[in-house]
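2 protein chains.
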Amino acid sequence: MGIQLKNKAMDVAMKIKKLGQDDPRRIIHSIKVGVALTLVSLFYYWKPLYDGFGASGIWAVITVVVIFEFTVGATLSKGLNRGLGTMLAGALGVGVDYLANLSGQKGEPFVLGIFVFLIAASATFSRFFPGIKARYDYGVLIFILTFSMVSVSGYRVDEFLTMAHQRLATILVGGAICIIVSIVVCPVWAGETLHNSIISNINKLANYLEGFGGEYFHCSDEHVTIPEKDKPFLQEYKVVLNSKSTEDSMANFARWEPRHGNFGFRHPWKHYLKIGSVARQCAYHIEALNFHLSPHQLQEPSQFRRMLEVPCKTISSESGKALKALATAMKKMTDPSPSSQLHLNAAKSAVNDLKNTLKSGTTQISDDISNLLAIIPDATVASILIDIVKSVEDLSEAVAELSLKAKFKRVSPEKPQLLHKGTIKPFVEEDDNVEAQQQPHVVITVKEIENNNDEDLRVNKKPGFLF
Amino acid sequence: MGIQLKNKAMDVAMKIKKLGQDDPRRIIHSIKVGVALTLVSLFYYWKPLYDGFGASGIWAVITVVVIFEFTVGATLSKGLNRGLGTMLAGALGVGVDYLANLSGQKGEPFVLGIFVFLIAASATFSRFFPGIKARYDYGVLIFILTFSMVSVSGYRVDEFLTMAHQRLATILVGGAICIIVSIVVCPVWAGETLHNSIISNINKLANYLEGFGGEYFHCSDEHVTIPEKDKPFLQEYKVVLNSKSTEDSMANFARWEPRHGNFGFRHPWKHYLKIGSVARQCAYHIEALNFHLSPHQLQEPSQFRRMLEVPCKTISSESGKALKALATAMKKMTDPSPSSQLHLNAAKSAVNDLKNTLKSGTTQISDDISNLLAIIPDATVASILIDIVKSVEDLSEAVAELSLKAKFKRVSPEKPQLLHKGTIKPFVEEDDNVEAQQQPHVVITVKEIENNNDEDLRVNKKPGFLF
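Just so you know, the protein sequences line up as chains E and C, in that order. For what it's worth, my numbering labels the leading residue of the first sequence as 19, then goes sequentially. For what it's worth, my numbering labels the leading residue of the second sequence as 19, then goes sequentially.
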């Protein structure tokens with residue numbers, strides 16, 4: 019019994035440790051809440067303050083507990099909502115109470131009752147509007163709360179002006195303490211968190227794509243020796259699939275945040291949702307790809323698979339590298355185009371190779387080809403990989419758009435040094451109409467590469483070292 | 019200016035109307051909140067009650083505003099959390115205050131300050147545990163709130179036992195009013211909502227699959243005449259992709275709900291999350307399929323496509339019908355196996371046909387086959403459809419498991435009337451090892467069909483009318 023209890027305690031201690039290690043900001047946040055609450059207790063402990071605010075000081079305590087959230091944006095959003103809701107409702111409560119007073123001793127409860135009902139019901143309904151729900155839900159709740167309190171207790175206590183004033187003042191003090199502690203002591207910015215989580219998601223997709231080729235094409239040995247749990251990249255991308263709700267709320271909170279780090283007040287947070295959505299699209303493709311990696315589908319490669327191996331591996335790894343480049347550029351807040359475009363072009367060129375192989379190479383694999391069924395899994399993988407290049411391109415465009423909107427650093431503003439420019443036409447046959455309509459044309463344009471000091475682009479510094 | 023204002027007002031009015039029409043429960047909920055708040059105002063209006071509770075009556079108002087949520091489960095969860103949190107924190111507050119008193123006039127604020135800091139920080143940290151976050155987040159918040167209030171104001175007012183008692187009593191009254199109004203007046207059950215939303219999601223997937231064949235295979239005319247917005251089934255399935263967070267919270271709330279309708283107190287709500295996750299898996303496959311339905315990919319069908327048309331259309335529509343049958347069985351809370359198994363078997367049999375066609379039919383399409391690239395899009399569609407049958411099977415198993423756990427009605431308990439039973443072996447060739455490993459074996463087992471009165475199974479009543 020004693021040992022069991024001890025084990026249980028050890029278990030909980032380990033969980034606590036892990037929770038703290040996974041994200042140390044959690045420990046800091048807990049300490050910050052403790053500090054803010056202890057600070058606000060001064061209202062009760064310190065006599066002069068108590069004399070000023072009276073028993074209303076308790077509202078400062080309530081405010082701190084209720085609005086102190088993990089991120090600055092959430093705290094600001096709740097604080098401003100609470101302040102605004104309280105003020106509006108206070109003013110309306112005074113007005114309604116005045117009206118109710120006019121209707122005499124008997125009529126007063128009825129008039130107040132009708133107003134409470136109407137205002138509570140309509141304000142509650144307004145919370146169903148998506149726009150209000152996303153940004154002002156808490157404000158409307160506080161509005162209903164304060165209005166009911168002011169109008170109802172005003173009927174009894176007859177001093178609600180003092181009450182409203184005290185309540186507002188203590189809320190302001192409580193809110194100010196929260197916001198100051200939240201911003202000054204190791205702030206957790208919703209915007210920065212959103213930025214980093216999008217980057218980490220793109221990196222997870224990249225890791226999968228970089229590892230996929232090796233897993234799918236020569237796996238017989240490796241696959242047995244290295245257990246799947248030592249290849250986390252095969253699972254990690256799955257968190258991207260369900261990332262929408264977190265990103266939505268982070269973006270909502272980020273909009274309340276002031277300038278911080280490299281993020282201005284009007285940083286295009288909404289655009290991150292677009293990037294997130296394109297990243298999910300890419301993750302859906304990877305999910306389809308992953309379906310073809312189940313153990314029983316890995317066996318001796320057929321002739322057909324060996325034929326596809328080189329282009330498919332290139333597509334996969336270059337797509338992964340393009341994503342990595344996008345993530346790095348986002349992290350450094352620089353223009354992503356030069357670095358990611360190189361890998362994207364290499365991936366597109368491999369798509370072209372793959373298509374040409376498929377078009378012309380059937381004679382080499384006549385054994386396989388007589389049984390179309392045997393080649394379908396590999397053909398599907400190839401087809402999904404082609405789709406993935408398309409979605410990596412979309413992601414690249416979305417990030418480039420962000421870099422324009424958010425004014426990411428352009429790489430060196432001096433006169434660009436032209437290294438190489440040209441267009442490689444894709445291989446097109448006469449009888450190719452069907453395919454040409456089905457797949458997007460691949461036109462490889464080697465873009466101007468500018469001379470710059472960016473670490474990521476160092477590989478391009480020697481002219482002619484492009485491919 | 020006047021006209022603009024009028025237009026704006028009209029716009030808002032239309033939005034309100036739409037919001038109410040989309041889900042009339044929203045209007046009812048708003049009225050319910052109004053009623054509950056007006057009821058609780060009685061504490062202030064009605065003298066005998068006011069004498070009993072004093073100014074603490076305001077806590078009843080606060081409780082109603084704060085805990086009245088859209089669903090019964092959420093209201094119960096918040097109410098119980100609030101009650102429990104208040105009681106625990108009240109008891110702890112009394113204990114801490116007693117300890118602080120022992121340390122004398124000077125030491126008291128320090129002892130209280132230390133306790134407030136420690137308890138607030140550790141309780142805040144506990145909110146990061148996923149298990150606590152999911153079910154007791156609000157309770158911990160209220161715990162911190164009440165503890166701070168009781169210990170801090172106890173130091174000053176020296177009557178916190180009365181305060182704690184009054185606060186608890188008013189919270190109980192406020193909570194009771196909420197819960198009663200929430201349950202008695204047109205209740206919105208989180209459990210029922212979850213049940214219906216899973217059914218509706220499965221139906222959306224089914225609609226897509228039933229419509230896909232027609233869209234993909236003979237679309238040249240139809241596609242132009244019917245604009246995409248008149249085919250909502252092509253878009254509706256997309257909500258399934260991001261359904262996780264809603265389902266998670268619904269399931270959490272449902273666990274607090276008492277028996278309602280056909281759902282017992284221990285209804286396996288958690289299992290709905292499994293069904294939801296399998297449904298999302300199916301939706302990911304459909305997303306991949308949908309990628310091949312983009313307008314520029316629809317043209318004159320090739321020989322190869324015409325060859326695949328019949329089996330692919332059958333797979334798609336039978337999978338859709340199997341899903342429809344699952345949804346219907348869930349709706350009626352009957353055993354889903356008999357009705358869905360028929361369609362699933364038909365789909366599997368079509369998968370077999372498709373595989374045989376692919377294996378043997380290459381000679382007919384020697385024109386196409388010389389250009390493998392041209393057949394890849396159609397081959398991919400076929401391959402995804404085969405994957406979809408697998409995921410429909412998973413979904414069917416998950417629903418069957420639910421029907422066991424939730425004790426859905428077995429179809430007629432009398433002696434089953436055996437109609438037909440047998441096993442059709444799949445077509446297997448000698449040189450088929452690769453494929454046999456790649457694709458799951460298809461063994462069609464015609465199950466015993468029981469005689470019953472279920473509407474959905476009426477088609478099976480005539481013996482021999484099975485296929």
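Virtual Cβ for every residue (Gly too), placed ideally from N, Cα, C.
If you run the structure through DSSP and keep just helix, strand and coil, what is residue i?
i               : result
histidine 278/C : strand
lysine 124/E    : helix
lysine 222/E    : helix
threonine 89/E  : coil
lysine 408/E    : helix
lysine 256/C    : helix
proline 444/E   : With a pLDDT of only 42 at proline 444/E, under 50, the local geometry of the prediction cannot be trusted, and the value read off the model is given with reservation. Correct three-state label for proline 444/E: coil.
lysine 427/C    : strand
lysine 35/E     : helix
arginine 44/E   : helix
lysine 96/E     : helix
cysteine 204/E  : coil
asparagine 25/E : helix
histidine 213/E : helix
valine 30/C     : helix
Mind checking whether residue i and residue j have CB atoms under 8 Å apart?
i                : j                   : result
tryptophan 77/E  : isoleucine 162/E    : no
tyrosine 234/C   : valine 399/C        : yes
alanine 141/E    : isoleucine 49/C     : no
threonine 352/C  : phenylalanine 426/C : yes
alanine 208/E    : phenylalanine 271/E : yes
alanine 340/E    : serine 414/E        : yes
histidine 236/C  : serine 409/C        : no
alanine 306/E    : leucine 291/E       : no
arginine 298/E   : leucine 259/E       : yes
leucine 322/C    : aspartate 371/C     : Checking the displayed sequence, the identity of residue 322/C turns out to be phenylalanine instead of leucine. Taking 8 Å as the Cβ cut-off, phenylalanine 322/C and aspartate 371/C do not qualify as a contacting pair.
isoleucine 197/C : glycine 97/C        : yes
valine 296/E     : aspartate 405/E     : no
serine 401/C     : isoleucine 394/E    : yes
glycine 103/E    : leucine 186/E       : no
glutamate 228/C  : glycine 91/C        : no
leucine 37/C     : phenylalanine 147/E : yes
asparagine 221/E : lysine 35/E         : no
glycine 101/C    : glutamate 210/C     : no
isoleucine 160/C : asparagine 99/C     : yes
proline 329/C    : alanine 392/C       : no
How many whole angstroms separate the CB atoms of residue i and residue j, which I take to be in contact at a CB cut-off of 8 Å?
i              : j             : result
proline 286/C  : leucine 94/C  : Wrong, their Cβ atoms sit about 19 Å apart, outside the cutoff.
valine 257/C   : valine 53/C   : Actually they do not touch by this definition, with Cβ atoms about 32 Å apart.
alanine 224/E  : alanine 345/E : 7 Å
alanine 418/E  : serine 355/E  : 6 Å
threonine 89/C : valine 206/C  : 5 Å
Alpha carbons only, please: which of the options is nearest the one belonging to residue i?
i                   : options                                   : result
phenylalanine 143/E : Gly192/C, Val79/C, Ala31/C and Cys300/C   : Ala31/C
phenylalanine 230/E : Trp274/E, Ser335/E, Thr81/E and Lys35/E   : Ser335/E
glycine 193/E       : Cys300/E, Leu136/E and Val83/E            : Val83/E
tyrosine 116/E      : Ser169/E, Gly279/E, Thr211/E and Lys26/E  : Ser169/E
serine 59/E         : Met167/C, Ser357/C, Lys342/C and Leu212/C : Met167/C
lysine 262/E        : Ile293/E, Ile80/E, Lys222/E and Gly279/E  : Ile293/E
valine 79/E         : Lys124/C, Gly131/C, Thr56/C and Lys35/C   : Gly131/C
tyrosine 156/C      : Ser378/E, Arg44/E, Gln39/E and Ile85/E    : Ile85/E
glycine 75/E        : Thr89/E, Leu57/E, Phe88/E and Val129/E    : Leu57/E
arginine 277/E      : Ile201/E, Leu106/E, Asp29/E and Ser358/E  : Ile201/E
glutamate 327/C     : Ala343/C, Leu360/C and Lys373/C           : Lys373/C
histidine 310/C     : Asn119/C, Ser215/C, Val369/C and Leu252/C : Leu252/C
isoleucine 333/C    : Lys350/C, Leu360/C, Arg145/C and Ser320/C : Leu360/C
isoleucine 45/E     : Asn214/E, Val203/E and Met325/E           : Val203/E
Could you spell out where the alpha helix (DSSP H) holding residue i opens and where it closes?
i            : result
lysine 350/C : 321 to 350
lysine 373/C : 355 to 378
serine 263/C : 262 to 272
serine 295/C : 287 to 308
Can we count residue i as close to the ligand ZN, meaning its CB is less than 7 Å from some heavy atom?
i            : result
valine 158/E : This structure does not include the ligand ZN; it has no bound ligands of any sort.
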